[in-house]
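Chains as they are written, first to last, in our numbering: chain A, -7 to 265; chain B, 94 to 355.
Glycine included, every Cβ here is placed at the ideal spot set by N, Cα and C.
Please read these numbers as outputs of a predicted model, since none were measured by experiment.
Take a look at the structure below.
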């Protein structure tokens, strides 16, 4: 197994010398019972960059994101956003940080008891930044940014197709203009064309907002489209970082095996026979 | 040989720890939810929605339960008391039984089946579909948003439902007493109000508030901690109804002791 010291790896996600990375993880560990999910994750995400975290099912990608978001408390390690240790923040600081973060969940996680417009403007309403009347107009504006007609706002999430739900979820993630956005498997369950459409929207939205993005996926086409940089998580560690465009021919046997979907290679699937 | 002795003890110990962990978890959950009663922001719209769901939409089932219970109580009391020529006590038995015990307990059991299950299913589904995590990322505390309004609504709604149940239950007894058992209406009502004391009604309303808290607490807690997809949500719903029903009956005894034991 190669590690970060391997000459084949290129820490392309590292910010310029002296610059503070937007998101910095050092030695983050998390176990659930006897299972060590994260075993010392080190990751830097430069401001304004889009980082894609790759890894097999159960490799700890979602746990990594949830640790950064504060939904899961790591057992050890350091997580910094803009140079501030998020694990030592007060409740107020944490809430203020949360106001700057957006998240697109794998299955959308839209609130099915609320109409689409209220879903989209949920954060703005929660923060009392706009009235309910203004929220309808704002929702129409944001829905237009993700290619949906304003009339969709009055529908219930259950009335939408999978692709439309993803777009609404994207609209909800960007409505409050966050400067950090997380995307959890943004194209899972979508056909390839709709996946490409969602990826395009993600790239547009992130660029327009100038946001820093972390996406987790095992869809290689999606990873190449939405990522500036990529990192590979394997057995609880980041084993490679580099430009997302090189995925498939990085020179790192593990990453190339994963990106090309090959059965043979250093990664062994733990299958019961 | 050792394992034959130790295995049952170990199992007992594990079960005891699990019970302690659950009780502690529910207590901390309740304290967290209650702490949001005095910490803004407040979700009045959600409180009102939960209140309408509990108070208004539970009214038919609670009303029917109360009326039929009053009717059955009058009939059964008559059958029993006629043996001792004590039929005149029927009105007082009906009103005291209903206001002190049957009104709050039966209304709570009905609401537990309706609302406790609904809370557990709705919040459980939100849990397994990441909607609760989504709330956290949208600058909203899930406890404050999902749990506290429901707890408050149930604590206020249950006494109102029980008040209606008391009235309708007495009316059910009066209907049977006057139209089937041959009581004079005025005499039946006089008997009813003659024996009724404020403490009877108040104790029933206090019980109702406690039962409302228990129903909402178990419903929200079971939903909030559910895991494992559809099966987990189904299990949470069942647990919410069973646990709240048992707690209602157990707390009924405790509160009755507190109010009426000499």
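About 7 Å separates the beta carbons of residue 256/B and residue 298/B, which is inside the 8 Å limit, making them a contact pair. Taking every protein chain shown into account, the CB of residue 204/A has 16 or more other CB atoms within 10 angstroms, so this residue is buried. Considering only beta carbons, the part of the stretch 104 to 131 of chain A lying closer than 7 Å to chain B consists of 114, 115, 118, 119, in chain order. Under the DSSP assignment, residue 207/A falls in the beta strand (DSSP E) whose first and last residues are 204 to 208.
Contact annotation, residue 160/A with residue 140/A: C-beta distance approximately 7 Å; criterion of less than 8 Å satisfied. Secondary structure note for residue 150/B: it is in no beta strand (DSSP E), with a DSSP letter that is neither H nor E. In this structure, residue 305/B keeps its C-beta atom at 8 Å or more from the C-beta atom of residue 227/B. Residue 31/A and residue 91/A have their alpha carbons spaced roughly 29 Å apart. In the three-state scheme derived from DSSP, where H, G and I count as helix and E and B as strand, residue 235/B is classed as helix.
When C-beta distances to chain A are compared with 7 Å, the residues of the stretch 220 to 246 of chain B below that value are 222, 223, 224, 226, 227, 229, 230, 231, 232, 233, in chain order. The Cβ of residue 90/A sits closer than 8 Å to at least one Cβ of chain B. DSSP links residue 42/A through a beta bridge to 205/A.
Note on geometry: alpha-carbon atoms of residue 135/B and residue 102/A lie some 22 Å from one another. Between the stretch 173 to 184 of chain B and the stretch 281 to 298 of chain B there are three or more C-beta pairs closer than 8 Å, enough to call the two in contact. Chain B places a beta carbon closer than 8 Å to that of residue 97/A, counting this residue as a contact. A straight-line Cα-Cα distance of about 22 Å links residue 230/A and residue 98/A. The alpha-carbon separation between residue 243/B and residue 70/A amounts to approximately 37 Å. For residue 14/A, the three-state secondary structure derived from DSSP is coil. Residue burial is scored here from C-beta neighbours: residue 111/A has at least 16 other C-beta atoms within 10 angstroms and is therefore classed as buried. Under DSSP, residue 96/A shares a beta bridge with 175/A.
Among the residues of chain B, those whose CB is under 7 Å from the CB of residue 63/A are 226, 229, following chain order. DSSP assignment within the stretch 181 to 251 of chain A yields the following whole beta strand (DSSP E) runs of 3 residues or more, N-terminal first: 204 to 208, 221 to 226, 229 to 235. Sequence-distant partners of residue 205/B (beyond 5 residues in either direction) whose C-beta falls short of 7 Å from its own C-beta, in its chain, are 308, 334, 337, 338, 341. A Cβ-Cβ separation of about 6 Å places residue 221/B in contact with residue 325/B under the 8 Å criterion. Taking 4 residues as the minimum length, the alpha helix (DSSP H) runs contained wholly in the stretch 147 to 175 of chain A are 154 to 166, in order along the chain.
Burial is judged here by how many other beta carbons sit within 10 angstroms of a residue's own beta carbon; residue 85/A has fewer than 16 and is exposed. Annotation for residue 249/A: 256, 257, 258, 259 place their beta carbon closer than 8 Å to its own, counting only its chain and skipping 5 residues before and after.
Interface criterion met: the Cβ of residue 101/A is under 8 Å from a Cβ in chain B. Look at the stretch 57 to 88 of chain A: the residues with a C-beta under 9 Å from a C-beta of chain B are 58, 61, 62, 63, 87. CA-CA distance, residue 193/B to residue 272/B, rounds to 25 Å. In the three-state reduction of the DSSP assignment, residue 179/B falls in the coil class. Within the same chain, 214, 217, 218 come within 6 Å of residue 191/A by CB-CB distance, once the 5 residues on both sides are set aside. Residue 261/B places its beta carbon 8 Å or farther from that of residue 188/B.
Closest in alpha carbon position to residue 197/B, among 216/B, 265/B, 259/B, is 259/B. Leaving aside the five residues that flank residue 57/A on each side, the residues in its chain whose CB is nearer than 7 Å to its CB run, in chain order, 174, 176, 206, 208.
DSSP places residue 21/A within a strand segment (E or B) once states are collapsed to three.
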